[in-house]
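Participant: My structure is below; once you've seen it, I'll send some questions.
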Amino acid sequence: MGPLQKEYQYFLVLCESLSISRAAEVLGMQQGSLSKSLKKLESSLEEKLFIRKGRGLLLTDFGRMIQGQVLEVSEKWQQDLSEKRQNLGELSGQFKIGTHSTIAVDHLSTKLPRLAEKYQRINLDLVFKRSNDITRDILNFELDFGFVANPIPHPSLIIKKLNKEFASAWCKNPKEHKKVIYYNPEMIQISKLLKKYTGYKHFPIKDYEVLASFAAKSNGVCILPSPVAARYKSLKQLGPKLVEINLCLVCHSERPKTPAFRTLLKELAL
368 MGPLQKEYQY
378 FLVLCESLSI
388 SRAAEVLGMQ
398 QGSLSKSLKK
408 LESSLEEKLF
418 IRKGRGLLLT
428 DFGRMIQGQV
438 LEVSEKWQQD
448 LSEKRQNLGE
458 LSGQFKIGTH
468 STIAVDHLST
478 KLPRLAEKYQ
488 RINLDLVFKR
498 SNDITRDILN
508 FELDFGFVAN
518 PIPHPSLIIK
528 KLNKEFASAW
538 CKNPKEHKKV
548 IYYNPEMIQI
558 SKLLKKYTGY
568 KHFPIKDYEV
578 LASFAAKSNG
588 VCILPSPVAA
598 RYKSLKQLGP
608 KLVEINLCLV
618 CHSERPKTPA
628 FRTLLKELAL
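Under the numbering used here, the first residue of the sequence shown carries the number 368, and numbering increases by one thereafter.
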């Protein structure tokens, strides 16, 4: 969470990456939308913030000045909020954690209740989103922690690897199955994965538990993360691993490191 308008939040990411395509990838948005946001900000300030340099960007003197002012405002706001949350170093505060619902079931169903019961004055708020959206919200100080699959490295991110998983095709009978493929259209690299099944009827479903139940009760093929498939004993892996998945804990490197924050960072990384 932060006090900055989204145009300034996007501006800070552009300052880090100095590339519209790279910043758009980190923010999980279209390059055209990001370019419009930049033009809107420059128009409101009546000054250019960047100049083109090959395929990248270069901050103008005015842009560097604005970057410093925006960072100062954001840092002061975060520090003031942190001081109000803390009471003489006591472990207390409100923390927002971004995760996918499937990751919450597989990895957080034991961990978070234990933390909630252990630290009575620490309140945890779970926010369910896609990995790209979680990364963007971490960079914008809208989330304190995030559990992300295959996060894109960024100078402002602290990334701690937790588990290595994989996605693959699954079905009840690998030797005899119908040419119907069930999949989540929001899965990472799904467009690339579906090219392996060009002769199949495609059936998109935006919920991994529903996907798994379809696969367990049908004769089709389903693309699933390995932890989800493992909960359905009737499913067998069809072919090799399609994509490696690194589950990581991420947070912003410039977020104030209060005692409660440091404690949660350590506990969540276990």
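All residues carry an ideal CB built from backbone N, CA and C; glycine is no exception.
1. Which residues mark the beginning and the end of the beta strand (DSSP E) in which Ala516 is found?
2. Report the CB separation of Lys527 from Cys615 in whole angstroms; it is logged as a contact under 8 Å.
3. From Ser620 to Phe417, what does the alpha carbon distance come to, in whole angstroms?
4. Please report the distance separating the alpha-carbon of Ser468 from that of Phe495.
5. Going along the chain, which residues of its own chain have a beta-carbon closer than 7 Å to the beta-carbon of Ser384, five neighbours each way excluded?
6. Could you tell me the alpha carbon to alpha carbon distance between Met368 and Ser449, rounded to whole angstroms?
7. Please identify the residue among Leu405, Ser388, Ala627, Leu637 whose C-alpha is closest to the C-alpha of Phe514.
8. What is the C-beta distance between Ile470 and Phe533, in whole angstroms, given that I count them as a contact (C-beta under 8 Å)?
9. Could you check whether Ser476 and Ile555 sit closer than 8 Å to each other, using their CB atoms as the reference points?
10. For Gly423, which residues does DSSP report across the bridge?
11. Apart from the five residues just before and just after Ser535, which ones in its own chain have a Cβ nearer than 6 Å to its Cβ?
12. Report yes or no: do three or more beta-carbon pairs, one from the segment 571 to 588 and one from the segment 536 to 550, lie closer than 8 Å?
13. So Gln398 is in the alpha helix (DSSP H); what residue range does that whole segment cover?
14. Is it buried or exposed for Ala596, if we count other Cβ within 10 angstroms and need 16 for buried?
15. What did DSSP end up calling Ser338 once you bin it into helix, strand or coil?
16. Determine, using beta carbons only, whether Asp492 and Cys618 come nearer to each other than 8 Å.
17. Within 10 angstroms of its Cβ, does Lys633 collect 16 or more other Cβ (buried), or is it exposed?
18. Tell me whether Ser404 is buried or exposed, calling it buried when 16 or more other Cβ atoms sit within 10 Å of its Cβ.
19. Using three-state DSSP, classify Thr466 as helix, strand or coil.
Facilitator: On the basis of the data shown:
1. 512 to 516
2. 6 Å
3. 24 Å
4. 6 Å
5. Ala390, Val393
6. Unreliable placement is indicated for Met368, whose pLDDT of 47 sits below 50; the coordinate value is still reported in the next sentence. Rounded to the nearest angstrom, the two C-alpha atoms are 12 Å apart.
7. Leu637
8. That belief does not hold up - the Cβ atoms of Ile470 and Phe533 are roughly 14 Å apart, past 8 Å.
9. no
10. Lys420
11. Gln604, Lys608, Leu609
12. yes
13. 398 to 412
14. buried
15. The displayed coordinates of the chain run from 368 to 637. Any statement about residue 338 would go beyond what the structure contains.
16. no
17. exposed
18. buried
19. strand
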